[in-house]
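Colleague:
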Amino acid sequence: MDVHDTRQQIFANKLKVLRRNFSTTGTTSFLPIYLQTLMQGEKLSFNLYVKVSAAEQQEVTFLPFLEGEEVLDPSWVELLERLGIDRFYFQRQDLDRVIAYLNNHLLLFDLQQPNLPREKILVLVEHLNFSLYRAFNSHHLGRHIQLAQGQVERLVQVLQRHVTSLKMVWELLYRNYSLYNHSVNVCLLGTALMLFMHKSRFESLNLGLACLFHDLGMSRIPEDLLNRRDVLSAAELETIKSHPQVGFEMLRECDALAPEILQLVLEHHETADGSGYPQGLPLSRQHPWTRIIRLVDAYDGLTGHRPGRQPLSPFAALKSLQSQTGLTGPTFDPRTLRNFIRFLALP
Ligand SMILES: [Fe+2]
Ligand SMILES: [Fe+2]
């Protein structure tokens, strides 16, 4: 089946297009990209695929929808949206091309200065997601951190400039789980919550960077351990719990971020009652924003789709966070939680 046939079959609703992507790994050869982040009426510089499953068999395949140099016809986008198809896939080997393409899209936004920043934030978020993917899988972490820094800066700038965009954050969170999607979600929630609490752009940027790299250490934990659904042994649990320390050391080694950001990465599993890890610090000895990362990280963990577990609604997730207690008191700082609830309820 060639590209033309695939398109015709999709538009006629004859192909079963799959929407969910439960990949936790960095090893898949196809990566999902949101339809809304593509430039309509413009040429592509990479091939786009759809993920389909043949009705009679369970097998999943990727079929080419658009080949590099073809123009994305706006009428196709309309048809796809009507069919509820909101994402395509591209080959991992085209990652650099895709990042450059999204960069061009952002430049276009800068020229147009949109009043409605939703699309721009969406492209920024997707750009950040792929940049993170590249950073986590690269030997040149320091260089990629610097690039990510520029993007988080842009994100904070847009969020701060358009007050209405703060509440948009809730719609823009990724629903599927991957280490990258989760990190970007935590970054979005963290920076938006900081701005909602009237913190400065600089403080929000630093918090955002800590959020983005908080689980970097996870990229060094064996994948089979992370995907395991049965009960883990004490030693295996300890390995997973080493990720804040591992991430901290990786960041320290490449010397690209401020010490305060590194401290936040190290402390992101410390809790308000002092029963967290790796140091079991009481709240008074933690960085004042550790409680913010801890909260938005836990919230995204509960509300995102994870293999083998149903996601909670925002309300149910907040209830769960509110009810969690350790030996000496609540796990999550009540004041930060109250601010987070007010932020969620933003009219
Ligand atoms: Fe973590
Ligand atoms: Fe996390």
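Each number in our numbering comes from the position in the sequence shown (counting from 1) with 1273 added on.
For each residue, glycine too, the CB sits at the ideal point set by N, CA and C.
Give every residue of the same chain whose Cβ lies closer than 8 Å to the Cβ of residue 1297, excluding the five residues on either side of it in the sequence, and list them in chain order.
Modeller: Summary for residue 1297: the model assigns pLDDT 40, below 50, so the residue's position carries little reliability, and this model does not support an answer.
Colleague: By DSSP's criteria, residue 1290 is part of a beta bridge. Which residues make up the other side?
Modeller: 1325
Colleague: Using only CA atoms, which one of 1565, 1512, 1490, 1583 lies nearest to residue 1520?
Modeller: 1490
Colleague: For ligand 1, is there any heavy atom lying closer than 7 Å to the beta carbon of residue 1435?
Modeller: no
Colleague: Give the range of the beta strand (DSSP E) segment to which residue 1363 is assigned.
Modeller: 1360-1364
Colleague: Check whether the Cβ atoms of residue 1378 and residue 1310 lie closer than 8 Å to each other.
Modeller: yes
Colleague: Considering only the alpha carbon of each residue, which of 1415, 1409, 1374 lies closest to residue 1396?
Modeller: 1374
Colleague: Alpha carbon to alpha carbon, what distance is there between residue 1370 and residue 1275?
Modeller: 23 Å
Colleague: Are the segment 1307-1323 and the segment 1334-1349 touching by the rule of at least three beta carbon pairs closer than 8 Å?
Modeller: The segment 1307-1323, when compared against the segment 1334-1349, does touch it at the 8 Å Cβ threshold.
Colleague: Between the C-alpha atoms of residue 1607 and residue 1286, what's the straight-line distance to the nearest angstrom?
Modeller: The straight-line gap separating the alpha-carbon atoms of residue 1607 and residue 1286 is approximately 49 Å.
Colleague: Could you have a look at residue 1494 and say whether DSSP puts it in helix, strand or coil?
Modeller: It is coil, neither helix nor strand.
Colleague: First and last residue of the beta strand (DSSP E) that includes residue 1336?
Modeller: 1333-1339
Colleague: List the endpoints of the continuous beta strand (DSSP E) containing residue 1304.
Modeller: 1303-1307
Colleague: Exposed or buried, residue 1323, counting other C-beta atoms within 10 Å across all chains shown (16 or more means buried)?
Modeller: buried
Colleague: Could you give the uninterrupted runs of the beta strand (DSSP E) lying entirely in the segment 1422-1497, keeping only those of 3 residues or more?
Modeller: If only complete runs of 3 or more residues are kept, the segment 1422-1497 shows no beta strand (DSSP E) anywhere.
Colleague: Do the CB positions of residue 1487 and residue 1573 come within less than 8 Å of each other?
Modeller: no
Colleague: For ligand 1, enumerate in chain order all residues having a CB closer than 7 Å to any of its heavy atoms.
Modeller: 1487, 1488, 1491, 1516, 1517, 1541, 1542, 1570
Colleague: Do the CB positions of residue 1464 and residue 1436 come within less than 8 Å of each other?
Modeller: For residue 1464 and residue 1436, no; Cβs fall outside 8 Å.
Colleague: For residue 1607, which three-state DSSP category applies?
Modeller: helix
Colleague: Could you give the distance in angstroms between the alpha-carbon of residue 1295 and the alpha-carbon of residue 1615?
Modeller: Per-residue confidence for residue 1295 stands at a pLDDT of 46, beneath the threshold of 50, marking its modelled position as unreliable; no derived number is given.
Colleague: Can you list, in chain order, the residues of its chain with a C-beta nearer than 7 Å to that of residue 1445? Leave out the 5 residues immediately preceding and following it.
Modeller: 1394, 1395, 1398, 1461
Colleague: Does DSSP classify residue 1350 as helix, strand or coil?
Modeller: helix
Colleague: If you draw a straight line from the alpha carbon of residue 1457 to that of residue 1423, how long is it in whole angstroms?
Modeller: One C-alpha to the other measures close to 14 Å.
Colleague: Compare the beta carbon distance of residue 1593 and residue 1585 with 8 Å and say whether it is the shorter of the two.
Modeller: yes
Colleague: In three-state terms, what does DSSP make of residue 1502?
Modeller: In the displayed model, residue 1502 falls within coil according to three-state DSSP, outside both helix and strand.
Colleague: Cutting at 7 Å between CB atoms, please list the residues of its own chain near residue 1561, excluding the five before and the five after it.
Modeller: So no residue of the chain qualifies.
Colleague: Is DSSP giving residue 1598 helix, strand or coil here?
Modeller: strand
Colleague: Within its chain, find whatever has a CB closer than 6 Å to the CB of residue 1358; leave out the 5 residues flanking it on each side and keep chain order.
Modeller: 1290
Colleague: May I ask you to check if the CB of residue 1578 is nearer than 7 Å to at least one heavy atom of ligand 2?
Modeller: no
Colleague: Between the beta-carbon of residue 1443 and the beta-carbon of residue 1554, is there less than 8 Å?
Modeller: no
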